[in-house]
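First the structure, in the form of structure tokens, and then the observations on it.
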Amino acid sequence: MKRKKIIVALLCVCGITTGITACKNATARTEVVTLKDAYAGKFYIGTALNERQIAGKSEEEMELVKKQFNAIVAENCMKSERIHPKEDTYNFALPDKFVAFGEENGMWINGHTLIWHSQAPAWFFEDDQGNTVSREVLIARMKDHIHKVVGRYKGRVHTWDVVNEAVLDNGELRKSKFYEIIGEDYLKLAFQFAREADPEAELYYNDYSTAIPEKRAGIIRLVKKLQDEGITVDGIGMQGHVGLDGPAIEELEKTILAFSGIGAKVMITELDLTVLPSPWERTGAEVSADFKYSKEMDPYAEGLTDSIKRQFDERYTHLFRLFLKHSDKITRVTFWGVNDGNSWRNNWPVRGRTDYPLLFDRNNHPKPVVDALIQMTR
1 MKRKKIIVAL LCVCGITTGI TACKNATART EVVTLKDAYA GKFYIGTALN
51 ERQIAGKSEE EMELVKKQFN AIVAENCMKS ERIHPKEDTY NFALPDKFVA
101 FGEENGMWIN GHTLIWHSQA PAWFFEDDQG NTVSREVLIA RMKDHIHKVV
151 GRYKGRVHTW DVVNEAVLDN GELRKSKFYE IIGEDYLKLA FQFAREADPE
201 AELYYNDYST AIPEKRAGII RLVKKLQDEG ITVDGIGMQG HVGLDGPAIE
251 ELEKTILAFS GIGAKVMITE LDLTVLPSPW ERTGAEVSAD FKYSKEMDPY
301 AEGLTDSIKR QFDERYTHLF RLFLKHSDKI TRVTFWGVND GNSWRNNWPV
351 RGRTDYPLLF DRNNHPKPVV DALIQMTR
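Under full-length UniProt numbering, the residues of the sequence shown are numbered 1 to 378, in order.
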């Protein structure tokens with residue numbers, strides 16, 4: 001009788017132990033793995049923060065950022081027209097909050113952008129009478145702007161997009177106000193001033209449509225010329241504003257290899273995937289483009305079809321397969337927005353459309369492709 005009791009007791013203990021082990025295994029299987037955890041050791045997973053989010057008015061979205069991302073970039077509040085609207089006025093309130101949020105959550109912080117022809121205040125280029133300033137005046141204003149902005153966050157902002165979109169699709173330099181007044185030297189000076197302001201920060205050149213062969217070649221000419229003049233460009237940002245059909249994965253890969261081939265780190269800086277038809281035969285991100293709304297250009301206002309959802313998932317999977325293949329060259333993949341609802345794609349190049357370009361929907365729920373991207377790392 002005693003022996004039977006002992007056997008029964010042992011079976012009970014074994015059953016309890018087995019049950020505990022099974023529970024532990026089930027817990028391990030259902031444990032939520034986030035994007036930033038899945039890609040740790042490969043590259044940072046980043047997102048752009050808009051002004052409402054930075055101001056603390058989108059708590060749910062910010063919780064999503066903390067959970068899924070480990071790198072951030074300011075979508076607008078660090079651009080010169082916002083941070084420096086008048087010659088004697090700097091607005092650091094939101095940039096300060098942006099940097100503090102990144103520090104509090106151990107994130108890789110990117111400053112965007114110091115010199116850009118768009119969203120630059122008119123006063124940069126004019127005197128009190130509205131006349132175009134001299135070369136010397138604009139250089140002094142550039143230096144003051146870069147030194148004050150970069151200097152304020154010295155040792156805190158890890159990387160800066162020093163110059164944004166200076167090369168046209170044909171590979172020629174854009175004839176911006178900076179170019180017209182200063183000449184090509186403005187590019188060299190911008191990087192020089194940023195390096196003076198923070199010798200430890202990584203300095204980048206950033207542009208869209210980098211998969212276009214002519215533009216790719218133009219960017220390489222620009223960076224190599226700067227290198228030959230003794231200017232260090234730490235990395236090149238490939239803005240990832242893509243569509244379902246283009247640019248081709250093969251051309252994106254050529255760009256990654258070409259940029260890394262001249263000693264530059266590579267970042268995918270503004271990733272989003274539009275599912276909407278384009279009103280023009282271009283795949284770029286020229287912000288000045290503006291087309292009239294029509295229902296034909298807004299076919300998914302009530303939701304996506306199953307076919308488009310499949311194409312969306314496949315396209316993101318192909319992109320991330322490429323990024324993983326070259327994870328030794330790519331340091332960061334940053335999405336241009338947190339969820340579909342706050343993406344600029346809803347209003348560019350046609351205002352008032354409904355687009356679905358990001359990994360999280362308008363309710364901050366992950367799309368099915370998120371799990372697929374996580375599984376790719378295992």
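All residues carry an ideal CB built from backbone N, CA and C; glycine is no exception.
In the structure shown, the three-state DSSP call for ILE231 is coil.
Our two residues, ASP144 and PHE191, have alpha carbons roughly 13 Å apart in a direct line. Restricting attention to beta strand (DSSP E) runs no shorter than 3 residues, the region 282–364 encloses them at 330–335, ordered along the chain. Counted as a single uninterrupted DSSP element, the stretch harbouring THR210 is not any alpha helix (DSSP H), since DSSP gives it neither H nor E. Excluding residues up to 5 positions away in sequence, SER327 lie with their Cβ nearer than 6 Å to the Cβ of LYS42 in the same chain. ALA372 and ILE308 have their C-alpha atoms some 17 Å from each other. For ARG141, same chain residues with a beta-carbon under 8 Å away, outside a window of 5 residues either side, are GLU87, PHE124 and VAL133 in chain order.
Bounds of the alpha helix (DSSP H) holding TYR186 are 185–197. Under the three-pair Cβ rule at 8 Å, the region 160–167 counts as touching the region 199–212. Residue range 71–74 is occupied by the beta strand (DSSP E) that includes ALA71.
If you draw a straight line from the Cα of LYS325 to the Cα of LEU319, it comes to about 10 Å.
The beta strand (DSSP E) runs of length 3 or more contained entirely in the region 86–156 are, from start to end of the chain, 108–116. Per the Cβ contact rule, the region 60–69 is in contact with the region 353–373 (3 or more Cβ pairs under 8 Å). Cβ-Cβ separation between GLY235 and MET267: approximately 6 Å, consistent with a contact (criterion under 8 Å). For ILE72 against LEU49, the beta-carbon gap comes to about 6 Å, under 8 Å, which counts as contact.
Excluding residues up to 5 positions away in sequence, LEU226, GLU229 and ILE231 lie with their Cβ nearer than 8 Å to the Cβ of LYS188 in the same chain.
Taking the Cα of GLU270 as reference, the smallest distance to any Cα among TRP336, ILE262, ILE256 and GLU214 is reached at TRP336.
At least 8 Å separates the beta-carbon of THR47 from that of VAL369. DSSP places MET78 outside any alpha helix (DSSP H), giving it a letter other than H or E. Counting other Cβ atoms within 10 Å of its Cβ, PRO213 stays below 16 and is therefore classed as exposed. According to the DSSP assignment, THR274 belongs to the beta strand (DSSP E) that extends over 265–274. The criterion of a C-beta distance shorter than 8 Å is not satisfied by PRO357 and LEU244.
Nearest C-alpha to PHE312 among ASN170, VAL242 and ILE256: VAL242.
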